[in-house]
Each structure stands twice: as C-alpha cells, then as structure tokens.
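Enquirer: Below are the structure tokens for one structure; questions will follow.
In this note's numbering, the protein residues as written are 57 to 187.
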C-alpha cells in the first residue's frame, strides 16, 4: 500500500475522532536525520464558529502556527510524511493510532490503548455550541 493512501486512511480516523468528540491531539514526529523542523502538533481550534485545526510547526529555534480547515489540513500535513517525518500519532480517548514508516518505507498503522482520558476541551466546547 502506498504511504499516501495509508495516510489518507489514517487521516479518516482523525476526522472521525473530531466528529465524535474523542480527539485529543495529533503529532507528527520522528524525523529523518537532523532537520530544522522537529515536530508538527495539531490541535483543534474554533474560528468564526467553525471547527478548524491549528498546526504548530516546531523548529529548533522558532514555532510557526497555521490555521486550516479540517480538509485543507490533510494536504498540508501530507507534504511532511516521509520528508522529514516517519510517524504520526493520533491521540483519542478511545485509542492511540500510530502511522509509522520503517527504513524501507513500509507503512504500519497500529492501535494501542488511549493515553488520554479526556478529549480536547476545544472539541467539547465546539460540540456543545452545535447543540
């Protein structure tokens, strides 16, 4: 399976966790070599009464923030899969889902017990606004 098709399947789980209120956070990590960009942290944000995603690009000497719609965040994050990041971890209240590339660029997606017991407060606030 292509690394990009697999990331699309992984991102579907991200969207589902946002919709059902279980999303805690998303992190892209484990870079190839020593790169200036160390991590990308993804958190929900509410802008103009719409649920969006805040992408925090953590560089060695600075941080840059971008706000994206849930749909437009996907191609932005996809740019960094395999260059420089080899893993993405979705943290939800139901499970942790890890997307990982090995040295031969074979993809594995594994589910583990959840690290978080509470969803992102922004998600909970947004769902309360929608009611």
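Cβ atoms here follow ideal geometry from the backbone N, Cα and C, with glycine treated the same way. For clarity, every value in this text was computed on a predicted model and none was experimentally measured.
Going by CA-CA distance only, name the one from 179, 160, 153 that's closest to residue 170.
Expert: The residue given as residue 170 occupies position 114 in the chain shown. With distances taken between Cα atoms, residue 170 lies closest to 153.
Enquirer: Only counting the same chain, and skipping five residues up and downstream in sequence, which positions put a Cβ closer than 6 Å to that of residue 167?
Expert: If you number the chain shown from 1, residue 167 lands on position 111. Within the same chain, residue 167 has close Cβ partners 151, 153.
Enquirer: Can you tell me whether residue 131 is buried or exposed? The criterion is at least 16 other CB atoms within 10 Å of its CB, across all chains shown.
Expert: Numbered from its first residue, the chain shown carries residue 131 at position 75. Per the 10 Å Cβ criterion, exposed.
Enquirer: Can you tell which of 85, 76, 99 has the C-alpha that lies nearest to the C-alpha of residue 93?
Expert: Here residue 93 refers to the residue found at position 37 when the chain shown is read from its first residue. Of 85, 76, 99, the residue nearest in Cα terms is 85.
Enquirer: Looking only at DSSP bridge pairs, what is residue 95 linked to?
Expert: Translated into positions along the chain shown, residue 95 becomes position 39. Answer is 114.
Enquirer: Once you ignore the five residues that flank residue 179 on each side, which residues in its own chain have a CB closer than 6 Å to its CB?
Expert: As a first step, residue 179 must be located in the chain shown, where it is residue number 123. Once the five neighbours on either side are set aside, the close Cβ partners of residue 179 are 77, 79, 100.
Enquirer: Can you look up residue 66 in the DSSP assignment and give me helix, strand or coil?
Expert: Working through the chain shown from its first residue, we reach residue 66 at position 10. If DSSP states are grouped into helix, strand and coil, residue 66 belongs with the helices.
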